[in-house]
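Heads up: the structure comes next, in structure tokens.
Residue numbers (this note's numbering): 93 to 245.
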């Protein structure tokens, strides 16, 4: 399975449509659904996008949690209750629902940010602030990525 990489800034048109980067669409096209799943991130002030199979994997993880736990309820509410299936139009665009855009302060532009198995959709200004913090955390914790083969990078 391919992974989502890089970042892109795209404009949202007056009808609320935004073009999903073609490399992301290619990854999503590996499945039978011609679109994307979006839901509010519970980690950051952004939306997360993924394939249907990834959402199914996450659903199985959630289903293994205690059915009466607050954590399971929260994950189900955010990832399942707020998730939307958006189909691509002929030009690879989707219509972002207003309620999701409002939740994450998106107006006329978005940053698509690859995160491996998922991607995020940000207000570009908010992402730049997040990127600065992420760089600091990565720098401070870089040794976590050191492997056991005496890699000295």
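Glycine included, C-beta positions come from ideal geometry on N, C-alpha and C.
DSSP places residue 102 within a strand segment (E or B) once states are collapsed to three.
Listed in chain order, the non-local C-beta contacts of residue 216 below 8 Å within the same chain comprise 101, 201, 202 and 203, local neighbours out to five positions each way being set aside. Annotation: residue 136 to residue 158 spans about 25 Å, alpha carbon to alpha carbon. With respect to residue 147, residue 174 sits apart: the two C-beta atoms are not nearer than 9 Å. Boundaries of the alpha helix (DSSP H) harbouring residue 151: 144 to 155, taken from the DSSP string. Note on geometry: alpha-carbon atoms of residue 130 and residue 94 lie some 18 Å from one another.
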